[in-house]
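Notes follow the structure.
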Amino acid sequence: MLDKKYCEGYEGEEQIKIWCDEGCEENGLLVWNGFFDTILEGCFKPEFQKGGIIECYYNHDGFYDGKWEMKYPHIVLDELKTFDENVLDTKSQGIIKIAKDIIGQLIYFIDTAISKNAKVYIEYE
């Protein structure tokens, strides 16, 4: 089941789906693009690792082009853990708090997927 609480109120705007297929059911998160961009901006480092989500953000490819398999989830976990609100363009504490909540859920979700040997995907909706 997809958790959609992070896109409520933003219906009709771009959303990001982060999920894994377990049998024929999709489990994961649906996130408003504004929150997701805030997360990526806060995790960006010029010396990003190859194969992670920040490389996709920098090159504007991967999940921007369609369904993207997270082949190196450990790299993505490391990137998410580097979130720094001080580098963000936004100063909205509401958006920053929600971005941090989403990061916590993503870390838990990806950790769980790794332990189950499940594939994680990201895609624009």
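Numbers given in the working numbering equal positions in the sequence shown, counted from 1, plus 239.
Cβ atoms here follow ideal geometry from the backbone N, Cα and C, with glycine treated the same way.
The structure presented is a predicted model; accordingly, all values stated were derived computationally and were not measured.
For G267, the closest C-alpha among the options F322, Y249 and I257 is that of I257. Within its own chain, the residues whose Cβ lies closer than 6 Å to the Cβ of Q288, once the five positions on either side in sequence are excluded, are I314, listed in chain order. Distances from the alpha-carbon of G248 to those of V270, W307 and E364 put V270 closest. One thing to note: G291 has its Cβ no nearer than 8 Å to the Cβ of F322.
Rounded to whole angstroms, the Cβ separation of G273 and E362 is 17 Å, and the two are not in contact under 8 Å.
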